[in-house]
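Taken in order, these protein sequences are the chains called A and B. All letters in the first sequence, in the order written, are residues -8 to 381 by this note's numbering. All letters in the second sequence, in the order written, are residues -8 to 381 by this note's numbering. We put the CB at the ideal spot given by N, CA and C, even for glycine. For clarity, every value in this text was computed on a predicted model and none was experimentally measured. Each remark here refers to the structure printed beneath this line.
There are 2 protein chains.
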Amino acid sequence: MMDVAVIGVGQTRYGMFPEKSLKELFHEAALAALADVDKGLDPRDVDEAFVGTLSTGGAQLGNFAPMMMEACGMVGAGARHIENACASSGFALRDAVSAIASGRAKVAVAAGIEKMSDLPRERNRLWLGISGDVEWERLAGTNFAGIYAMMARRHMHEFGTKKEHITMAAVKNRNNAVANPKAQFRAPLTLEQGMAAPNLASPLKFSDACGITDGASMAILCRAEMARDFTDQPVLVIGSGAGSDYVAIHDRPSMTMLKGAFEAGKEAYTTAGITSDDIDFAEVHDCFAIAELLAYEDLGFCDRGKSGPYIESGATLRDGARPVNNSGGLIAKGHPIGSTGTGQVYEVVNQLRGRADTQERQLSGARYGLTHNVGGSGAAVAVHIFKAVE
Amino acid sequence: MMDVAVIGVGQTRYGMFPEKSLKELFHEAALAALADVDKGLDPRDVDEAFVGTLSTGGAQLGNFAPMMMEACGMVGAGARHIENACASSGFALRDAVSAIASGRAKVAVAAGIEKMSDLPRERNRLWLGISGDVEWERLAGTNFAGIYAMMARRHMHEFGTKKEHITMAAVKNRNNAVANPKAQFRAPLTLEQGMAAPNLASPLKFSDACGITDGASMAILCRAEMARDFTDQPVLVIGSGAGSDYVAIHDRPSMTMLKGAFEAGKEAYTTAGITSDDIDFAEVHDCFAIAELLAYEDLGFCDRGKSGPYIESGATLRDGARPVNNSGGLIAKGHPIGSTGTGQVYEVVNQLRGRADTQERQLSGARYGLTHNVGGSGAAVAVHIFKAVE
């Protein structure tokens, strides 16, 4: 199995860009990733491409990946579109890593994009729902806010977690985003404000949820043995894990654990040869604030049921022992569905290279970073672990 | 790079099954594939899954792959949906092969499905069009029939190919399907009938085109070193190639060559360590009859421009030197978009194992079989080469 390195990352700003086309957004992320390959890369040297999206912007339904790749001058590379709802580009990354690890590709691209601003807001929320169990959950009238609200309520019931604990994730992430120029929501939030926000799906408040976002991101990878030809600061992908689960929450034995995330984490740690204790910082999938707490437990950052006290301890703050969602996470950096997975890679790789966009956000001394990308309410999860090369 | 083997294949009948749901179709193909693993396989031992579809049946837009896998008892395997228009499951196969070759997965599934009978026929043709270049080709009013008609007209102009040569592919494939119980269209066709059929897009006639089809298919793969634990008749995947091209035909230097197919074939031959001369039989992507002639040339079965005389020689008939589309191909076996790639694998693997569904269709002495799966009008192409284990 060949070792794999990231040699360049790029991302658009996250936000609402109704004036930009799908191709423009993708092109912007691709140009940024190519420019980030310090010693240069000819786009025609990309062997294989994996492009994550859920909705294809409603435009190019088929051959989506070749169309995006052609838009940024990478014609010819075998390109395919990967869909796994909100984990689409987490899986694109996993498959790009496989393509290189198998010896087939020397240079591969993992990317993601979503254009969510083409529809009225209520219709956006509708098509997002079509990533849940369409036959049961949707017909029963619930949506992702409702499903995560049930998880939150159950976590409070089983473990005594307080609503304040859940709100703390939203507060932390919104405050983290203030210093992130690529983030969508950069207004700070206090615990008092978060607790007093209007209900979305009780106990979740509006400020506990991500929004509707446009954005694109790309990571360029190569065989680790070649990485120094492209940059003096390659970042190794040392662990990769994936798991799936029943799509509908009523089919799962637990409502407070994402088994797919637990399995993906386990595989990622095993392949990396490290444990959760080694993880210095992480970007996790906080589509709703409760999801971040579940991630702490599924990834082994704290014991099962203890995510409330764990976040209260301040461990995951920017200056804590293990910062989580220093970027602002999905809640505040933004969640352009297909882009989120490789957007997390953008953040983690920049941190490990000491290239955070603002000095305020730069973590010091971090060796191991983790990304955790969840599809739907846990139907598919991809976890990756990255390591700076000393 | 680990060697990879196919240990079981399954496919539904191809046809119009408005009464069957997506899950039923997928389940039927999965059960058949599992039953085809002679010594048995526990579905929970599948490590990873790659599911090809274009439209997701219009139903489960997101997390499509976990939903299909759960429907057949394979919950937990990291599952993602691969889209590449008509080449969706050809790329699913390629990525399943990578997952195993990289050492990550021991057992992986490549599958495909399409449910096209949910919409009125005219709307089906419309959404198929959204796999072409939406901004240019579609707005100019053309569709795939029109694009392939231009390729046919240009081939006739450049190389003196006769309309009869093109029709011969349709005639051969429709006659081949008569003996295939899994095929959609099993009525024979004569050259006279084909030449007299109504125009679809001149010079292509209605009988030169595939139809609207429902169907699903699955191939189960594992590390070659483990294959004998599952079957005494494993089939090795010795070559894999992929290529992409500009999505719109007006952006390509040639209208009579699919560069993506040429590149995919070249990579497949190189990785297999053989040449086109070694290929004993093939299933190629004849969405329109002209596409089969282009495939002969792109894959090196004959010289550039010589596909007309080549098909006229009878070389690709069932009893010819190199049978092509012995199954009936897309034109007569059927073309349920996402299923076509792994449906080709179903045919080739059964032939190499001496398990053709009817004695009449069984080829004798074949060692190397090839599949050629094209997305759109050539935007993405996957080619694979299979070898029987002696």
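Can you tell which of the options has its C-alpha closest to the C-alpha of residue i?
i, options, result
"D323/A", "A161/A, S108/A, P57/A and F8/A", "Checking the sequence, you will find Ala at residue 323/A rather than Asp. Nearest C-alpha to A323/A: A161/A."
"E105/A", "S80/A, A87/A and M(-8)/A", "S80/A"
"T343/A", "Q224/A, G251/A and A170/A", "In the sequence on display, residue 343/A carries Leu and not Thr. Considering only alpha carbons, the answer is Q224/A."
"G311/A", "P327/A, F292/A and M60/A", "F292/A"
"R382/B", "G202/B, C201/B, V228/B and D205/B", "The shown model of chain B, from -8 to 381, leaves out residue 382/B, and the question about it has no answer."
"L(-2)/A", "G151/A, D29/A, I302/A and E10/A", "For the record, residue -2/A in the displayed sequence is Ile; it is not Leu. When each option's Cα is compared against that of I(-2)/A, the closest is D29/A."
"D27/B", "D242/B, A170/B, V372/B and D348/B", "D348/B"
"I387/B", "T222/B, F82/B and A70/B", "The requested residue 387/B does not occur in the structure, where chain B is confined to residues -8 to 381."
"A370/B", "F55/A, G296/A and M(-7)/A", "F55/A"
"F150/B", "D289/B, P314/B and T247/B", "T247/B"
"I376/B", "A255/B, T307/B and K297/B", "A255/B"
"M(-8)/A", "L52/A, Q2/A and G230/A", "G230/A"
"A218/A", "K97/A, I302/A, D38/A and G67/A", "K97/A"
"P34/B", "I211/B, S93/B, A(-4)/B and L321/B", "I211/B"
"I157/B", "Q51/B, A200/B and V125/B", "A200/B"
"V226/B", "F8/B, A379/B and R4/B", "A379/B"
"E351/A", "S93/A, K11/A, P179/A and N171/A", "N171/A"
"S402/A", "A24/A, S122/A and T261/A", "Not covered by the structure: residue 402/A. The range shown for chain A is -8 to 381."
"G173/A", "S318/A, P9/A and A24/A", "As written in the sequence, residue 173/A is Lys, which differs from the Gly given in the question. If we check each option's Cα against that of K173/A, S318/A comes out closest."
"D(-6)/B", "A23/B, S93/B and F221/B", "S93/B"
"Q2/B", "T331/B, G345/B and S298/B", "T331/B"
"R95/B", "G69/A, R85/A and A99/A", "R85/A"
"S198/A", "A70/A, G325/A, A99/A and V37/A", "G325/A"
"G48/B", "F221/B, D205/B and L321/B", "D205/B"
"E288/A", "T152/A, T333/A and D220/A", "T152/A"
"Y260/A", "A68/A, A143/A, A233/A and L308/A", "A233/A"
"I240/A", "A131/A, L290/A, G53/A and G334/A", "A131/A"
"G366/B", "D236/B, I265/B and M7/B", "D236/B"
What in chain B is Cβ-close to residue i, meaning under 9 Å?
i, result
"P194/A", "Here the premise fails: no neighbours, minimum Cβ distance about 25 Å."
"A131/A", "In chain order: nothing, as chain B lies at least about 15 Å away."
Strictly below 8 Å CB to CB, what residues from chain B border residue i?
i, result
"Y139/A", "What Y139/A touches in chain B: nothing, since even the nearest Cβ is about 15 Å away."
Using a Cβ cut-off of 8 Å, pull out every chain A residue sitting near residue i, in sequence order please.
i, result
"F82/B", "G69 and R71"
"M186/B", "Going along chain A, no residue has its Cβ under 8 Å from M186/B, so there is no contact; the nearest lies around 31 Å."
"L45/B", "L52 and G53"
"A136/B", "Here the premise fails: no neighbours, minimum Cβ distance about 16 Å."
Quick one: which chain A residues come within Cβ less than 7 Å of residue i?
i, result
"L32/B", "Within 7 Å Cβ-Cβ: nothing; L32/B doesn't reach chain A, min ~18 Å."
"R352/B", "Ordered by position in chain A, no residue passes the 7 Å Cβ test against R352/B, which lies about 31 Å from the chain."
"E19/B", "The premise fails here: E19/B is roughly 18 Å from chain A at the closest Cβ pair, so nothing lies under 7 Å."
For a contact meaning CB atoms closer than 9 Å, what does residue i contact in chain A?
i, result
"D236/B", "P57, E61, V66 and G67"
"A282/B", "Residues of chain A passing the Cβ test: none, with the nearest at roughly 15 Å."
"A395/B", "Residue 395/B lies beyond the stretch modelled for chain B, which goes from -8 to 381, so this question has no answer here."
Please compile the residues from chain B whose C-beta is within a distance smaller than 7 Å of the C-beta of residue i.
i, result
"M384/A", "In the structure displayed, chain A extends from -8 to 381; residue 384/A sits before or after that span and is not available."
"E288/A", "Residues of chain B passing the Cβ test: none, with the nearest at roughly 19 Å."
"A76/A", "G53 and N54"
"A178/A", "Simply none; closest approach about 29 Å."
Residue i: beta carbon under 7 Å from a heavy atom of the ligand GDP?
i, result
"M107/A", "Absence of the ligand GDP from the depicted structure is noted, as is the absence of any ligand whatsoever, leaving it without description."
Could you name the residues of chain C that residue i contacts, counting a contact when the two beta carbons are closer than 8 Å?
i, result
"A200/B", "Of the protein chains in the structure, A and B, none is chain C."
ask   = Taking any Cβ of chain B, which residues in the stretch 203 to 224 of chain A have a Cβ under 7 Å from it, in chain order?
value = none
Requested in this report: Evaluate contact between the stretch 353 to 371 of chain B and the stretch 270 to 281 of chain B, counting only Cβ atoms and requiring at least three cross-stretch pairs below 8 Å.
Outcome: yes
Practice item. Evaluate the contact criterion for the stretch 325 to 338 of chain A versus the stretch 182 to 193 of chain A: three or more CB pairs, one atom per stretch, below 8 Å. Key: no
- Continuous beta strand (DSSP E) assignments of at least 3 residues falling wholly in the stretch 194 to 282 of chain B: 206 to 214, 226 to 235 and 272 to 274
Taking only beta carbons into account, state which residues of the stretch 318 to 346 of chain A come closer than 7 Å to chain B, listed in chain order. none
* To do: Check distances from the C-beta atoms of the stretch 81 to 107 of chain B to those of chain A and list, in chain order, the residues that come in under 7 Å.
  => F82, D86, S89, A90, A92, S93, G94 and R95
TODO: Identify each residue in the stretch 352 to 376 of chain B for which the Cβ-Cβ distance to at least one residue of chain A is less than 7 Å, and report them in chain order.
DONE: G366, G367, A370 and A371
Quick test of the definition: if touching needs 3 or more C-beta pairs under 8 Å, does the stretch 67 to 74 of chain B touch the stretch 39 to 55 of chain B?
yes
Inset, instruction - Inspect the CB distances between the stretch 277 to 286 of chain B and the stretch 131 to 144 of chain B and report whether three or more fall short of 8 Å. - result: yes
Is it a yes or a no for the stretch 8 to 24 of chain A touching the stretch 91 to 107 of chain A, going by three-plus beta-carbon pairs under 8 Å? yes
### Message
Whether or not the stretch 249 to 266 of chain A and the stretch 163 to 173 of chain A are in contact is what I'm after, with contact meaning three or more pairs of Cβ atoms, one per stretch, closer than 8 Å; do they touch?
### Response
no
Closer than 9 Å, Cβ to Cβ, to anything on chain A: give me those residues from the stretch 243 to 276 of chain B, in chain order.
K250, G251, E254, A255, E258 and T262
**Ranges of the alpha helix (DSSP H) found wholly within the stretch 125 to 182 of chain B, counting only runs of at least 4** = 135 to 150 and 154 to 168
- Item | Within the stretch 21 to 53 of chain A, ranges of the beta strand (DSSP E) (whole runs, at least 3 residues) | 39 to 43
Contact between the stretch 174 to 183 of chain B and the stretch 56 to 64 of chain B (3+ Cβ pairs under 8 Å):
no
### In chain order, each alpha helix (DSSP H) run of at least 4 residues that lies wholly inside the stretch 300 to 330 of chain B
320 to 323
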